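Report on the following structure.
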Amino acid sequence: MKLHEYQSKDLLARHGVPVPRGEVTRDPAEAKVIAEKFGGKVVVKAQVLMGGRGKAGGVKLFDDAQAAADFTKEIIGKRLVSIQNPAGMVVDKVLVAEQIDIAEEYYLSILMDRAAAKLVVMISKEGGMDIEEVAATNPGAIVKVHVDPAWGLSDYELREAVAKANIPAPARSQMISMIKKLVKVYLDADADMIEINPCALTPEGKLLAADAKVSIDENALYRQLEYQETADDSAEDPIEAEAARRGIAYVKLDGDVGIIGNGAGLVMCSMDEVKAAGGQPADFLDVGGGAQAERVKSCVELVMMDPNVKGILINIFGGITRCDEVANGILQAFDELNIDIPVVARIEGTAAEEGRAILSGSKIMPAQSMQEAATKIVAATR
Ligand code: GDP
Ligand code: MN
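The sequence shown begins at 2 in this note's numbering and counts up by one.
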């Protein structure tokens, strides 16, 4: 789960990593006040979870606070498109940070090297630009050091690495100290990626994280409490965000046939059948095992939040899940949500007879097989 730059810098600063001062806002008037605090000499940076913001026009330097406020006004609500993210992302907030003078731009990152079961620190003198480009054209310019999480890093290894990367001598000890702090952040915050690009050297010889991208391992969110809310907000799609809050496995797709099933395999088969019948799935939704009526209702409600949905296919194979529970959930959803689009249900397995009996006489169309269900729902949504 990617953190915004301002969140990443806040986390780093709390661990003693030097970062330029700055504040986040979505209000141009407030941007002006923040810029004035820094004497008007600021950089305004769009807070979108994508790379290449600079080239996309999302990072601009200013000499006066009013100009910074004007740019804030212009960019909030705008969609930024970059090579890394052709679909683009809408800017909701900006970081107004003190502008630093930059003499040189370096690159630092930490990742997990799964094959080695160690962290890997990457250091390069060629920062600022796209590191993928450096990796492709001048791979020797990226120096890698492995870190055993149990043993940590020795100063000696780091001294050797920064020298090998040709980091100028006056910046080396600051970089070594920064790397040690980054490793600590990586472990303490359950990060799965930290990237500082540029790691900027000022003409006065001070090293700062001028940009920071931290990603937190989603499997660790149960103990990274401060980022649990971010997990909800960082989902790009509002329905996916709501699904995350409800603990439902849901992926939004572009079609118009809502899909609900239990078990990821069955849901994917249902999607394939809908496509084979000439339709397009609107989502992937896995109800999960042992679903109760209330949960099924919640799933139907979620699928109905997508305004493109013209019909719903429900495909349940009851094992632990009882089909009568599922049927009750579908009926509840129908009653309480006033559903007026076609719904086809194929239910099979544990308590299937009871389930079908519950649905008979309702508006829900029964189907014997997955294929029949797909054909029926595609025909009904035409
Ligand atoms: P990215 O394009 O999304 O990676 O955004 P960055 O935060 O890395 O900014 C892009 C570029 O803007 C950097 O490589 C710097 O060259 C420049 N930049 C960002 N902040 C400052 C600053 O405070 N002072 C100066 N002089 N340049 C900056
Ligand atoms: Mn950057």
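Just so it is clear, CB atoms sit at the ideal spot from N, CA and C, and this is done for glycine as well. Predicted, not measured: the structure shown is a model, and the values here were computed from it.
Looking at leucine 226 and methionine 2, is the spacing between their C-beta atoms short of 9 Å? no
Can you tell me which of Thr322, Ala277 and Ala245 puts its alpha carbon nearest to the alpha carbon of alanine 353? Thr322
Closer than 8 Å to a non-hydrogen atom of the ligand GDP - does that hold for the CB of glycine 40? no
Would you tell me roughly how many angstroms separate the C-alpha atoms of isoleucine 365 and lysine 377, rounded to the nearest one? 11 Å
Residue range of the beta strand (DSSP E) that asparagine 329 falls in? Unbroken run through asparagine 329 is the alpha helix (DSSP H), 324-338; no beta strand (DSSP E).
Mark histidine 5 as exposed unless 16 or more other C-beta atoms lie within 10 angstroms of its C-beta, in which case mark it buried. buried
With burial defined as no fewer than 16 other Cβ atoms inside 10 Å of the residue's Cβ, what is the status of isoleucine 84: buried or exposed? exposed
Rounded Cβ spacing between isoleucine 124 and leucine 109 (contact assumed at less than 8 Å): 6 Å
State yes or no: is the C-beta of aspartate 238 within less than 9 Å of the C-beta of lysine 253? In contact: aspartate 238 and lysine 253 (Cβ atoms closer than 9 Å).
If I'm right that glycine 430 touches valine 268 with Cβ under 8 Å, what's the distance once you round it to whole angstroms? Here the chain comprises residues numbered 2 to 383, so residue 430 is not present and cannot be evaluated.
Can you tell me which of the three DSSP states phenylalanine 39 falls into? Coil.
Taking all protein chains shown into account, do 16 or more other C-beta atoms lie within 10 angstroms of the C-beta of serine 361, making it buried, or fewer, making it exposed? exposed
Can you tell which of Arg27, Tyr187, Arg115 and Pro343 has its C-alpha closest to the C-alpha of lysine 74? Arg27
From what residue to what residue does the beta strand (DSSP E) around valine 275 run? Counting along the chain, no beta strand (DSSP E) covers valine 275; the unbroken alpha helix (DSSP H) around it starts and ends at 265-277.
So is threonine 382 buried or exposed if we call it buried at 16+ other beta carbons inside 10 Å? Burial call: buried.
Is any non-hydrogen atom of the ligand GDP found closer than 8 Å to the C-beta of glutamate 134, if you look at the structure I gave you? Distances between the C-beta of glutamate 134 and the heavy atoms of the ligand GDP are all 8 Å or more.
Have a look at Pro21, Val97 and Val82 and flag the residue whose alpha-carbon is nearest the alpha-carbon of alanine 32. Nearest option by C-alpha distance: Val97.
Secondary structure of valine 345, DSSP reduced to three states: strand
Would you be able to state if there are at least three C-beta pairs under 8 Å between the segment 169-181 and the segment 55-72? Between the segment 55-72 and the segment 169-181, the count of Cβ pairs shorter than 8 Å is below three; the stretches do not touch.
Classification of valine 91 by the beta-carbon crowding that lies within 10 angstroms, buried from 16 upward: exposed
Short Cβ contact (9 Å threshold) for leucine 388 with tyrosine 107: Nothing can be reported for residue 388: it is not among the residues displayed for the chain, which extend from 2 to 383.
Helix, strand or coil at serine 216 according to DSSP, with G and I counted as helix: Three-state DSSP puts serine 216 in a strand.
Excluding the 5 residues flanking glutamine 101 on each side, which residues of the same chain have their C-beta closer than 7 Å to its C-beta? The identity of residue 101 in the sequence shown is isoleucine, whereas the question assumes glutamine. Pro21, Ala201, Thr203, Leu209 and Ala211, listed in sequence order.
Mind checking tyrosine 228: buried by the 16 CB within 10 Å criterion, or exposed? Answer is buried; the Cβ neighbour count reaches 16.
Let me know if glutamine 372 comes out buried or exposed under the rule of 16 or more other beta-carbons within 10 Å of its beta-carbon. exposed
Pocket of the ligand MN (residues with CB nearer than 5 Å to any heavy atom), chain order: Asn198 and Asp212
Of the listed residues Phe39, Val82 and Gly40, nearest to valine 60 (C-alpha basis): Val82
With DSSP collapsed to three states, give me the class of valine 45. strand
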